[in-house]
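The structure appears right after this line, and notes come after that.
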Amino acid sequence: MTLPFAQAVTERTRTLNTRLCVGLDPRLGEYRDPAHLRQHTLEVLEATAPYAAAVKPQLAFYEALGLTGMQILEEVCAAARTLGLPVILDAKRGDIGSTAEAYAQGWLTGRHAGAALTVNPFLGFQTLQPFVQAARENGGGVFVLVKTSNPDQADLQGEGRSGASVSERVAAEVARLGAEEEGEYASVGAVVGATHPDDLPHFRALMPRALLLLPGLGAQGAKASDLAGAFHAGGTGALVSASRGVQYAAGLDVAAARAAAQTFRDELNSVMP
């Protein structure tokens, strides 16, 4: 029996003592051709799997390759499942009505689907429902954008007229959705940038049963030493994502990617509450 996403990630965190999420963002310009891209991406996946709690392909880099990219994505997802790695598709999907339902069907069910999907709530909270429903029905998960890692997120995610920030309002909805479920962690998680370390304890408290996905480790400047506030006692409740800092740690050197993943894992472990 396949475990629900949140349980699978948490058990892998405890079993392997890792809360690192390895991002796979293959950039065509780094390779001779798509076949070379495919080979290297799969090699990095296999090499870093022992140090990862999850893997996160960024969908844009696969979409950019057209049909070939979708075929590579299916191979990456299949290889990750064989390795026992939960897959988070970083697609930031969000839309209304039947379009949202189609996105949910496309990326939370089927061969190329992830176990979890990043979703955008900024068309309104009702637009989350098709994604949440698909995740619950398929034992998957969603990570709702709450406070993203880019510096200009404050343009829209900062303080609103009511005094509460937009990010805090989204966090309240994530907590409400999670309260509808049982279990240690809910299927509805949240993206909170690792680049906002001072805010992490606050958002951890606002969403006590949400898994937090923390992008920004490495290339975006976030440091493992600043992230303890995102975790519960015992080091569960969050995944820290590193992409370029792993896949291209030293060009296309797979051994360097493996070493970078191990280093990130060890740095995170050293600061766990």
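For the sequence shown, position 100 matches number 100 in UniProt numbering, and the numbering has no gaps at all.
All C-beta atoms in this analysis are idealised placements derived from N, C-alpha and C, irrespective of residue type, glycine included.
Asked, Found
"Going straight from the alpha carbon of Pro201 to that of Gly235, what length do you get?", "14 Å"
"If distances are taken between C-alpha atoms only, which option among Ala64, Leu45, Gln71 comes closest to Ala80?", "Leu45"
"Taking C-beta to C-beta, are Ala53 and Leu16 nearer than 9 Å?", "yes"
"Between which two residues does the beta strand (DSSP E) containing Arg93 stretch?", "88-93"
"Going by other Cβ atoms of all chains shown within 10 Å of its Cβ, with 16 needed for buried, is Arg32 buried or exposed?", "exposed"
"Do Arg12 and Pro86 have their beta-carbon atoms positioned less than 9 Å apart in this structure?", "yes"
"Can you give me the C-alpha to C-alpha distance between Leu213 and Thr109, rounded to a whole angstrom?", "21 Å"
"Hey, how far is the Cα of Met272 from the Cα of Gly221?", "19 Å"
"For Gly141 and Ala115, I'd like the C-alpha separation in whole angstroms.", "6 Å"
"Could you name each continuous alpha helix (DSSP H) segment of 4 residues or more that falls completely within the segment 36-66, going from the start of the chain to the end?", "59-63"
"Taking Lys92 as the reference, which of Gly66, Val144, Arg265 has the closest Cα?", "Val144"
"Tell me which residues share the same chain as Gly218 and place their Cβ nearer than 6 Å to its Cβ, disregarding the 5 neighbours each side in the sequence.", "Ala242, Gly245"
"Buried or exposed, going by whether 16 or more other CB atoms sit within 10 Å of the CB of Ser187?", "buried"
"Select from Asp95, Gly189, Ala230, Tyr248 the residue whose C-alpha is nearest the C-alpha of Ala135.", "Gly189"
"Our contact map puts Pro121 next to Val170 with C-beta atoms below 8 Å; I'd like the distance itself, whole angstroms only.", "5 Å"
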